[in-house]
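Trainee: Residue numbers (the numbering used here): 14 to 297.
Positions of the beta carbon are idealized from the N, C-alpha and C atoms, including for glycine.
The structure displayed is predicted, hence computed values, not measured ones.
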């Protein structure tokens, strides 16, 4: 209650008033039936791809064993488990994909724990990848870890050529405000950037629960980015091919067990095993 009142009166926050009452609650999953049927078909169609990626990550299990929990890590340039922002499966997947793909460019819209994971993968894999960080207020001090920093909101940038010039195998990592609003970062990413990406570019969007709806606590935050991504997938599933839907994986017993050798290690006891990253490839 106190937090809600603070947000209402503080000048730091912006209030939105709706003309009609909306009952913010999930329509698919989370105690409200199963997954969205059409989305489930799209996601299920790529199971072999997910399994192959997950199996490839096992070769890095010794790396995962050596990562400390965030509250036990004294080096603020190193990623840590249970960091409140990037769950366990997302760390495993991000590190593994960067090592496997060795992209020339990794551009992130929203920085922090993801930057730490990316830099760790680049350093330990001796990759040629260059990091571009776009974030006006990164949660973690990451300037020293990025090759290029842009400290302004994506919607205020005048030149998007770094993003639109990404080549096949490069990565665009999106972790922003999660709300599609007039002139918001989500609106810019999906309406102005995604349609211009070249074939073969790999895209990540965070806090995505496809093929399920947002859970209640995300509905309470009025997140809406997932619905825009859903529209893209439903309209053109061949062009936007899922390659790693982490929440789906963490809810699927068959896929989840592939990483059991990682999670069962004594160093990872108590580490959160779920994920919220949704990775897809632009195929046309």
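Could you tell me the alpha carbon to alpha carbon distance between residue 39 and residue 46, rounded to whole angstroms?
Mentor: Those two C-alpha atoms are separated by around 10 angstroms.
Trainee: Output yes or no for whether 9 angstroms exceeds the beta carbon distance between residue 222 and residue 42.
Mentor: Closer than 9 angstroms, so yes.
Trainee: Is the stretch 169-181 in contact with the stretch 96-105, if contact means three or more CB pairs nearer than 8 angstroms?
Mentor: The stretch 169-181 vs the stretch 96-105: no contact.
Trainee: With a 10 Å radius around its C-beta and 16 neighbouring C-beta atoms as the bar for buried, classify residue 33 as buried or exposed.
Mentor: Residue 33 should be labelled exposed.
Trainee: For the putative contact between residue 262 and residue 293, defined by C-beta atoms under 8 angstroms, what is the C-beta separation to the nearest angstrom?
Mentor: About 14 angstroms separates the two Cβ atoms, so there is no contact after all.
Trainee: List the endpoints of the continuous beta strand (DSSP E) containing residue 133.
Mentor: Where residue 133 is concerned, there is no enclosing beta strand (DSSP E), although the alpha helix (DSSP H) it sits in stretches over 126-138.
Trainee: Compute the Euclidean distance between the alpha carbons of residue 36 and residue 127, then round it to the nearest angstrom.
Mentor: Residue 36 and residue 127: Cα-Cα distance of roughly 33 angstroms.
Trainee: Within the stretch 142-174, note down every full beta strand (DSSP E) run reaching 3 residues or more, in order along the chain.
Mentor: Whole beta strand (DSSP E) segments, 3+ residues: 143-147 and 161-163.
Trainee: Per DSSP, what kind of secondary structure is residue 66 in: helix, strand or coil?
Mentor: If DSSP states are grouped into helix, strand and coil, residue 66 belongs with the helices.
Trainee: State yes or no: is the C-beta of residue 102 within less than 9 angstroms of the C-beta of residue 247?
Mentor: Not in contact: residue 102 and residue 247 (Cβ atoms no closer than 9 angstroms).
Trainee: Pick from 220, 27 and 120: whose alpha carbon is nearest that of residue 206?
Mentor: The shortest Cα separation from residue 206 among 220, 27 and 120 belongs to 120.
Trainee: Counting pairs of Cβ atoms below 8 angstroms between the stretch 105-119 and the stretch 278-297, do you hit three or more?
Mentor: With a cut-off of 8 angstroms, the stretch 278-297 and the stretch 105-119 count as touching, because enough Cβ pairs lie within range.
Trainee: Quick check on this structure: which residue in 148, 92 and 180 has the alpha carbon closest to the alpha carbon of residue 132?
Mentor: Measuring from the Cα of residue 132, the nearest candidate turns out to be 92.
Trainee: Looking only at C-alpha atoms, which of 220, 208 and 259 sits nearest to residue 64?
Mentor: Out of 220, 208 and 259, 259 has the C-alpha closest to the C-alpha of residue 64.
Trainee: Taking the CB atoms as reference points, tell me whether residue 242 and residue 203 lie closer together than 9 angstroms.
Mentor: Yes, these two residues count as a Cβ contact at 9 angstroms.
Trainee: I'd like to know whether the C-beta atoms of residue 67 and residue 281 end up nearer to each other than 9 angstroms.
Mentor: Not closer than 9 angstroms, so no.
Trainee: Would the beta-carbon of residue 146 fall within 9 angstroms of that of residue 161?
Mentor: Against a cut-off of 9 angstroms, the Cβ pair of residue 161 and residue 146 comes out as a contact.
Trainee: Closest to residue 214 by C-alpha separation, out of 279, 70 and 254, would be which residue?
Mentor: Nearest option by C-alpha distance: 254.
Trainee: So what's residue 225 in DSSP terms, helix, strand or just coil?
Mentor: Residue state, collapsed to three classes: coil.
Trainee: Starting from residue 118, follow its DSSP beta bridges and name the residues at the other end.
Mentor: Partner(s): 143.
Trainee: Any idea if residue 70 is buried or exposed, counting beta-carbon neighbours within 10 angstroms, 16 or more meaning buried?
Mentor: Label assigned to residue 70: buried.
Trainee: Exposed or buried, residue 174, counting other C-beta atoms within 10 Å across all chains shown (16 or more means buried)?
Mentor: Looking at its Cβ environment, which holds fewer than 16 other Cβ atoms inside 10 Å, residue 174 is exposed.
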